[in-house]
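Written out below as structure tokens is the structure these notes cover.
2 protein chains.
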Amino acid sequence: MKTDRLMTPDDVEAAARQVGAERYHIHHPFHRLLHGGKLSRGQVQAWALNRYYYQAMIPVKDASLLARLPDVEDRREWRRRIVDHDGDAGSIGGVGRWLKLAENVGLDPEYVRSTAGILPGTRFAVDAYVHFVREKSLVEAVASSLTELFSPGIIAERVSGMLANYDWIHEDTLAYFKPRLTQAPQDSVWALAYVKQHARTAEQQQAVLGALRFKCDVLWAQLDALHFAYVEPGLVSPGAFVPA
Amino acid sequence: MKTDRLMTPDDVEAAARQVGAERYHIHHPFHRLLHGGKLSRGQVQAWALNRYYYQAMIPVKDASLLARLPDVEDRREWRRRIVDHDGDAGSIGGVGRWLKLAENVGLDPEYVRSTAGILPGTRFAVDAYVHFVREKSLVEAVASSLTELFSPGIIAERVSGMLANYDWIHEDTLAYFKPRLTQAPQDSVWALAYVKQHARTAEQQQAVLGALRFKCDVLWAQLDALHFAYVEPGLVSPGAFVPA
Chain A
10 MKTDRLMTPD DVEAAARQVG AERYHIHHPF HRLLHGGKLS RGQVQAWALN RYYYQAMIPV
70 KDASLLARLP DVEDRREWRR RIVDHDGDAG SIGGVGRWLK LAENVGLDPE YVRSTAGILP
130 GTRFAVDAYV HFVREKSLVE AVASSLTELF SPGIIAERVS GMLANYDWIH EDTLAYFKPR
190 LTQAPQDSVW ALAYVKQHAR TAEQQQAVLG ALRFKCDVLW AQLDALHFAY VEPGLVSPGA
250 FVPA
Chain B
10 MKTDRLMTPD DVEAAARQVG AERYHIHHPF HRLLHGGKLS RGQVQAWALN RYYYQAMIPV
70 KDASLLARLP DVEDRREWRR RIVDHDGDAG SIGGVGRWLK LAENVGLDPE YVRSTAGILP
130 GTRFAVDAYV HFVREKSLVE AVASSLTELF SPGIIAERVS GMLANYDWIH EDTLAYFKPR
190 LTQAPQDSVW ALAYVKQHAR TAEQQQAVLG ALRFKCDVLW AQLDALHFAY VEPGLVSPGA
250 FVPA
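Chains A and B, in that order, give the protein sequences. Heads up, the first sequence is in my numbering, so the first residue is 10 and it goes up one at a time. Heads up, the second sequence is in my numbering, so the first residue is 10 and it goes up one at a time.
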């Protein structure tokens with residue numbers, strides 16, 4: 010699949026799925042510790058706190074992408090992502106639901122929202138994603154969202170594992186994830202079709218696969234930073250959150 | 010020093026030096042392992058390989074800053090940094106010298122130059138610095154260079170320690186660092202004067218200190234990524250350099 014010859018759209022999809030199979034953060038040891046019940050409450054707090062920054066920046070990167078889509082139909086489609094995350098009068102949205110998750114695991118929501126305690130590694134990885142979507146070609150920007158192809162699997166593992174293995178975590182705590190199980194597939198079906206249609210040259214196809222590898226790195230590096238600071242060797246960056 | 014009242018320029022300098030005393034990466038365990046002779050050749054290679062990306066992007070960030078300086082005298086001053094790093098007909102420059110360092114510790118310079126094997130954590134931290142200098146106020150962009158106030162100390166430790174503790178490292182290997190001992194103080198004297206003169210409101214002064222904290226995070230996070238991948242727990246990101 011790593012040839013630089015022109016691929017069929019279905020080969021592009023197969024190559025993209027292969028990137029996920031190799032690099033998605035479902036393979037990261039921090040994920041296994043999290044859903045396996047091996048983390049303390051403080052370590053789960055660190056995860057919730059840091060991941061809040063990722064959640065909070067998702068609609069920002071989606072707004073950047075929305076601003077670059079020239080087609081009305083495409084914009085309507087992409088706009089739904091912002092509604093999903095920011096909510097509206099009738100719905101709290103994903104960012105708000107993540108804030109509730111953080112509060113439910115024992116964090117002060119004002120502290121979480123301030124992002125003052127997140128790790129530099131988290132901030133740099135998330136900001137890299139925002140900049141990527143702003144600066145790369147449109148088809149690469151869309152392709153970087155394709156990790157959602159793989160998210161139902163990790164969400165299923167995470168939710169069932171965390172409910173089974175932490176007696177202080179309840180279904181309410183993890184309410185963020187339930188809508189994602191329908192939203193993510195809807196979004197990724199559209200994004201995959203877009204990428205298959207718009208990556209027309211061998212160079213664009215390779216760029217698309219590079220974008221997906223980049224996004225896997227963004228997710229992976231966030232777990233690296235958490236693991237380094239809060240698991241092993243357990244060295245928290247100066248100024249970052251220290252569990253009570 | 011963390012008051013939001015207006016400080017005198019000398020208080021700004023004292024507060025900046027305090028940020029360095031607390032957060033400069035001279036305190037990072039990876040630095041201690043490096044100069045203490047505790048790393049294998051492969052670990053030193055990983056350091057040289059990853060840090061190449063930082064070196065290579067320094068003149069890029071300096072060019073961004075140069076493009077934003079409205080004053081001729083200031084541009085002449087800042088331009089010297091680009092010459093120092095990129096060199097000219099008569100001088101190889103800092104980026105080239107780093108490439109030689111990498112080659113001298115056993116890496117293929119073409120592989121190093123490609124940056125294909127660097128850790129995502131390195132790339133995200135360095136790119137965060139480039140974006141910061143492009144996007145923040147000019148006085149913050151200049152202030153983010155002020156870690157050079159502290160670099161002679163870390164260079165002295167690194168060079169003397171590495172020469173004493175690794176029999177395969179020679180003075181030639183570390184030739185990169187020698188000119189830095191005169192360049193960095195010259196640059197930081199100017200940058201410090203600029204910051205003291207241009208940070209005129211309490212808000213600007215706090216922003217300047219925030220910029221320096223940010224830059225300390227950029228350096229610190231690079232050592233976090235190295236330590237995580239190559240020391241403890243030793244989990245190399247998918248696709249990154251694996252020592253032979």
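Virtual Cβ for every residue (Gly too), placed ideally from N, Cα, C.
Through-space distance from residue j to residue i, alpha-carbon basis
i: residue 169 of chain B; j: residue 113 of chain B; result: 17 angstroms
i: residue 98 of chain A; j: residue 189 of chain A; result: 19 angstroms
i: residue 185 of chain B; j: residue 107 of chain B; result: 6 angstroms
i: residue 197 of chain B; j: residue 163 of chain B; result: 15 angstroms
i: residue 70 of chain B; j: residue 21 of chain B; result: 24 angstroms
i: residue 6 of chain B; j: residue 54 of chain A; result: Absent from the structure is residue 6 of chain B, since the part of chain B shown begins at 10 and ends at 253.
i: residue 18 of chain B; j: residue 72 of chain B; result: 27 angstroms
i: residue 32 of chain B; j: residue 158 of chain B; result: 13 angstroms
i: residue 246 of chain B; j: residue 89 of chain B; result: 36 angstroms
i: residue 194 of chain A; j: residue 172 of chain A; result: 23 angstroms
i: residue 253 of chain A; j: residue 109 of chain B; result: 47 angstroms
i: residue 243 of chain B; j: residue 221 of chain B; result: 30 angstroms
i: residue 240 of chain B; j: residue 250 of chain A; result: 23 angstroms
i: residue 28 of chain B; j: residue 202 of chain A; result: 50 angstroms
i: residue 10 of chain B; j: residue 212 of chain B; result: Per-residue confidence for residue 10 of chain B stands at a pLDDT of 48, beneath the threshold of 50, marking its modelled position as unreliable; the derived number appears in the next sentence. So the alpha carbons of these two residues sit roughly 13 angstroms apart.
i: residue 23 of chain A; j: residue 179 of chain A; result: 37 angstroms
i: residue 91 of chain B; j: residue 102 of chain A; result: 47 angstroms
Residue j beta carbon less than 9 angstroms from that of residue i
i: residue 122 of chain A; j: residue 175 of chain A; result: no
i: residue 78 of chain B; j: residue 152 of chain B; result: no
i: residue 228 of chain B; j: residue 156 of chain B; result: yes
i: residue 120 of chain B; j: residue 48 of chain B; result: no
i: residue 94 of chain B; j: residue 225 of chain B; result: no
i: residue 38 of chain A; j: residue 236 of chain A; result: yes
i: residue 148 of chain A; j: residue 208 of chain A; result: yes
i: residue 234 of chain A; j: residue 126 of chain B; result: no
i: residue 154 of chain B; j: residue 200 of chain B; result: yes
i: residue 167 of chain A; j: residue 43 of chain A; result: yes
i: residue 104 of chain A; j: residue 115 of chain A; result: no
i: residue 50 of chain B; j: residue 177 of chain B; result: yes
i: residue 117 of chain B; j: residue 137 of chain A; result: no
i: residue 165 of chain B; j: residue 124 of chain B; result: no
N-terminal and C-terminal residue of the alpha helix (DSSP H) that residue i is part of
i: residue 183 of chain B; result: Counting along the chain, residue 183 of chain B falls outside any alpha helix (DSSP H), and DSSP gives it neither H nor E.
i: residue 128 of chain A; result: Unbroken run through residue 128 of chain A: none, as it is neither H nor E.
i: residue 29 of chain B; result: 18 to 32
i: residue 102 of chain B; result: 102 to 113
i: residue 81 of chain B; result: 81 to 95
i: residue 157 of chain B; result: From DSSP, residue 157 of chain B is part of no alpha helix (DSSP H); its letter is neither H nor E.
i: residue 119 of chain B; result: 118 to 123
8 angstroms Cβ cut-off: residues of chain A touching residue i
i: residue 212 of chain B; result: Neighbours of residue 212 of chain B on chain A: none; closest Cβ ~17 angstroms, over 8 angstroms.
i: residue 159 of chain B; result: In chain order: nothing, as chain A lies at least about 14 angstroms away.
Under 7 angstroms by beta carbon: chain B residues contacting residue i
i: residue 155 of chain A; result: Ordered by position in chain B, no residue passes the 7 angstroms Cβ test against residue 155 of chain A, which lies about 16 angstroms from the chain.
i: residue 13 of chain A; result: Chain B residues near residue 13 of chain A: none, gap ~15 angstroms exceeds 7 angstroms.
Chain-ordered chain A contacts of residue i [CB-CB under 9 angstroms]
i: residue 140 of chain B; result: 136, 137 and 140
i: residue 234 of chain B; result: 130, 230, 233, 234 and 237
i: residue 38 of chain B; result: 242 and 244
8 angstroms Cβ cut-off: residues of chain B touching residue i
i: residue 229 of chain A; result: 129, 246 and 247
i: residue 32 of chain A; result: 247 and 248
i: residue 241 of chain A; result: 241 and 242
Residue i Cβ short of 8 angstroms to the ligand MN heavy atom set
i: residue 162 of chain B; result: The ligand content of the structure shown is nil, which means the ligand MN is not present either.
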